[in-house]
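Student: There's a structure below that I have some questions on.
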Amino acid sequence: MTRTQHTGAQPTPQRATDEDGVRLPRLRFKDVVVRGAVQGIAAVALLFIGTLFVADHHDRVTFLAVVSGFSMVFAGIGIVVGVCFWAACSGDIRRLRDWGTITRQYESASIVAPVFVRAGVLALVLFPGALGLYHLVDNAAYDSWLYGS
Numbered sequence: 001m002t003r004t005q006h007t008g009a010q011p012t013p014q015r016a017t018d019e020d021g022v023r024l025p026r027l028r029f030k031d032v033v034v035r036g037a038v039q040g041i042a043a044v045a046l047l048f049i050g051t052l053f054v055a056d057h058h059d060r061v062t063f064l065a066v067v068s069g070f071s072m073v074f075a076g077i078g079i080v081v082g083v084c085f086w087a088a089c090s091g092d093i094r095r096l097r098d099w100g101t102i103t104r105q106y107e108s109a110s111i112v113a114p115v116f117v118r119a120g121v122l123a124l125v126l127f128p129g130a131l132g133l134y135h136l137v138d139n140a141a142y143d144s145w146l147y148g149s
């Protein structure tokens, strides 16, 4: 039995773009927030694993307190700045891979807005996770593996 072999180049599927070359559909606020929350949950899991590598109890508690504090501050700053940029862009929100479509200086806010919102939501989810781990480690029994050495 013989087969026909195609030697020509197969056409690659093209993504839908608008007249500026920006990929469609544009980013939606809800999708950016959901993705940031999922990444925040993954960050809490990584924080838990990373906490186990800090052996001393005092160092472990201090590490969790510092992560909790920084994530609280970064969540506030990231969400406020991101939402302000999002509102200023009036619907022209672009993905990070659309960086090459920027033609004017002020259009960079349309790419930075979802980055700040996603990072702020990630930190907003990380904050209670780190604070909960802090209390869990601080209240652990002296002989437990969670207490440390």
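With my numbering applied, the sequence shown has no gaps in its numbers, which climb one by one up to 149 at the end. Note that beta-carbon positions come from the ideal geometry of N, C-alpha and C, so glycine has one too.
Count the other C-beta atoms from every protein chain shown that fall within 10 angstroms of the C-beta of Val153, then say buried if there are 16 or more, exposed otherwise.
Tutor: Shown here, the chain extends from 1 to 149; a query on residue 153 therefore has no answer.
Student: Take every Cβ of the region 86-104, pair it with every Cβ of the region 55-65, and state whether three or more of those distances are shorter than 8 Å.
Tutor: No contact exists between the region 86-104 and the region 55-65.
Student: Verify whether the separation of the beta carbon atoms of Phe74 and Ala123 is less than 8 Å.
Tutor: Yes, these two residues count as a Cβ contact at 8 Å.
Student: Could you give the residue range of the alpha helix (DSSP H) that holds Ser144?
Tutor: Here Ser144 belongs to no alpha helix (DSSP H), and DSSP marks it neither H nor E.
Student: Is the CB-CB distance between Gly69 and Gly120 below 8 Å?
Tutor: No, these two residues do not count as a Cβ contact at 8 Å.
Student: Let me confirm a value: Phe127 is counted as buried when at least 16 other C-beta atoms fall within 10 Å, else exposed. Which label applies?
Tutor: Answer is buried; the Cβ neighbour count reaches 16.
Student: When DSSP builds the beta bridges, which residues end up paired with Arg23?
Tutor: Arg23 is bridged to Thr17.
Student: Does the structure place the region 99-115 close enough to the region 139-147 that three or more beta carbon pairs sit under 8 Å?
Tutor: Flag = no, the region 139-147 and the region 99-115 do not touch.
Student: For Ser108 and Ala87, I'd like the C-alpha separation in whole angstroms.
Tutor: Those two C-alpha atoms are separated by around 14 Å.
Student: In the DSSP assignment, find the alpha helix (DSSP H) that holds Thr62 and state where it starts and stops.
Tutor: Run containing Thr62: 57-89, per the alpha helix (DSSP H) assignment.
Student: Classify Phe85: buried if its beta carbon has 16 or more other beta carbons within 10 angstroms, exposed otherwise.
Tutor: By the neighbour-count rule (16 or more Cβ atoms within 10 Å), Phe85 is buried.
Student: Excluding the 5 residues preceding and the 5 following Tyr134 in the sequence, name in chain order all residues of the same chain whose CB lies nearer than 7 Å to its CB.
Tutor: Contacts found: Val61, Leu64, Ala65, Ser68.
Student: Determine, using beta carbons only, whether Ala16 and Leu24 come nearer to each other than 8 Å.
Tutor: Result yes, Cβ atoms of Ala16 and Leu24 sit closer than 8 Å.
Student: Let me confirm a value: Val38 is counted as buried when at least 16 other C-beta atoms fall within 10 Å, else exposed. Which label applies?
Tutor: Exposed is the call here.
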